[in-house]
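*Asks:* Chains as they are written, first to last, in this note's numbering: chain A, 1 to 155; chain R, 156 to 310.
Supplied in structure tokens, the structure appears directly below.
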DNA sequence: TGACATTAGGTGTTATCACACCTATAATTC
DNA sequence: GAATTATAGGTGTGATAACACCTAATGTCA
């Protein structure tokens, strides 16, 4: 029998509701998986959010995407994408070019170095996910995805 | 049919593995729920982590807990609990007293104001969870908790 | 076409996080 | 019981996140 969250965080009282228990379990599980993910990325010099940006840009055309498009596609809310991209530009992972049609827009796209990095990371990332979630069966993973998707339906 | 994560973040390619899809869904769902939770707490002047500390301290004796105990019970890793507690002390939510047996230890406990706050928040928090997760059935919530607990079993 | 709103991007500033390192007290061990 | 190790807490510092606000370019419409 796996230790449940209450044992884990040394809580004595029962949870006050099933909704609360689900929320706290979600927080805990995400925190542990993300911590591990960030530690895996660290030696490669990028944060989880930066890796997310690299993947987003790899999936888009050679002109790249504008800041707001990137912001909207990020998994987590990030109010200061400008300086996130500043840092990535400084690290040589992305570069920016102001559009000539709409001079307000600045397209951000991968440099070859950025593309190399994200390509190289594919394998490590896949291995990380196998390590962390590979013990769940296909059916369990599918159910988990379904339930998480369903959980997001309430604004 | 609820929109899946790929629609949500404008991703064109399919996920590379079921494990990855589960991980990304977990990140996304947690981010949305936490954002909402933080927004709910904001008018009350505490962050999610601070609220977590308030609950931890409410569940412990009148002597409170030492810093490391609090750190270990937090849902998310937090390397700088000292200054987190500094801020809460400054806000009048907790107070600290150095132990006389072991002069290294400092017990942190709720002030009456801190206790009032966490008690008052019970209702709002319960309502928030109902709002956000109340559309899941009891069976779904239980399954979700089980799967999240299981997902945490791999170190 | 000129005023106004909207949109894209950026900046200033403060709070918070994160890491490495430091100090004081207690426990251990020779 | 002196030296050493372990433990509890704290500090210094740079990086990042968060919030409000600002500027420039484009759209809209009286």
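From the three backbone atoms N, C-alpha and C, an ideal C-beta is built for every residue, glycine too.
May I ask you to list the residues that DSSP assigns as paired with residue 212 of chain R?
*Replies:* Position 57 of the second chain, counted from the start, is the residue given in the question as residue 212 of chain R. Note: residue 212 of chain R sits in no beta bridge, so no partner.
*Asks:* So that I know if they touch, is there some Cβ in chain A lying closer than 8 Å to that of residue 208 of chain R?
*Replies:* What you label residue 208 of chain R is simply residue 53 of the second chain in a count that begins at 1. By this cut-off, residue 208 of chain R is not an interface position.
*Asks:* Along chain R, in chain order, which residues have C-beta atoms closer than 8 Å to that of residue 35 of chain A?
*Replies:* One-based indexing of the first chain puts residue 35 of chain A at position 35. Going along chain R in sequence order, the residues near residue 35 of chain A (Cβ under 8 Å) are 232.
*Asks:* I'd like to know if residue 273 of chain R contacts chain A, where contact means its C-beta is closer than 8 Å to some C-beta of that chain.
*Replies:* Counting from one through the second chain, the residue named residue 273 of chain R turns up at place 118. It does not; no Cβ of chain A falls within 8 Å.
*Asks:* Would you grab the beta carbon distance between residue 10 of chain A and residue 228 of chain R for me? Rounded to a whole angstrom, and I think it's under 8 Å.
*Replies:* Position 10 of the first chain, counted from the first residue, corresponds to residue 10 of chain A. Position 73 of the second chain, counted from the first residue, corresponds to residue 228 of chain R. That pair is a contact at about 5 Å.
*Asks:* What residue range is occupied by the uninterrupted beta strand (DSSP E) comprising residue 108 of chain A?
*Replies:* Mapped onto the first chain, residue 108 of chain A falls at position 108. That run of the beta strand (DSSP E) goes 106-110.
*Asks:* Hey, could you find the ends of the beta strand (DSSP E) residue 97 of chain A is sitting in?
*Replies:* As a first step, residue 97 of chain A is located in the first chain; it is residue number 97 there, counting from the start. Per DSSP, residue 97 of chain A belongs to the beta strand (DSSP E) from 94-98.
*Asks:* Just verifying my parser: in three-state terms, what is the DSSP assignment at residue 230 of chain R?
*Replies:* Taking the second chain and counting its residues from 1, one reaches residue 230 of chain R at position 75. In this structure, residue 230 of chain R counts as coil in the three-state DSSP scheme.
*Asks:* For residue 207 of chain R, I'd like the list of residues in its chain whose CB is within less than 7 Å of its CB, leaving aside the five on either flank, ordered along the chain.
*Replies:* Counted from its first residue, the second chain places residue 207 of chain R at position 52. Counting only Cβ-Cβ distances below 7 Å, and skipping sequence neighbours, we find 229 and 230.
*Asks:* Please check if any C-beta of chain A sits within less than 8 Å of the C-beta of residue 225 of chain R.
*Replies:* Residue mapping note: residue 225 of chain R aligns to position 70 of the second chain, counting from 1. So, not an interface residue.
*Asks:* DSSP on residue 220 of chain R, reduced to helix/strand/coil?
*Replies:* Within the second chain, residue 220 of chain R is the residue found at index 65, counting from 1. Correct three-state label for residue 220 of chain R: strand.
*Asks:* Would you verify that the beta carbon of residue 143 of chain A is, or is not, closer than 8 Å to some beta carbon of chain R?
*Replies:* The residue you call residue 143 of chain A lines up with position 143 of the first chain. At least one chain R Cβ lies under 8 Å of residue 143 of chain A.
*Asks:* Using alpha carbons as the reference points, say which of A:34, A:115 and A:24 lies closest to residue 304 of chain R.
*Replies:* Indexing the second chain from 1 puts residue 304 of chain R at position 149. Looking at the Cα atoms, A:24 is the closest of the given residues.
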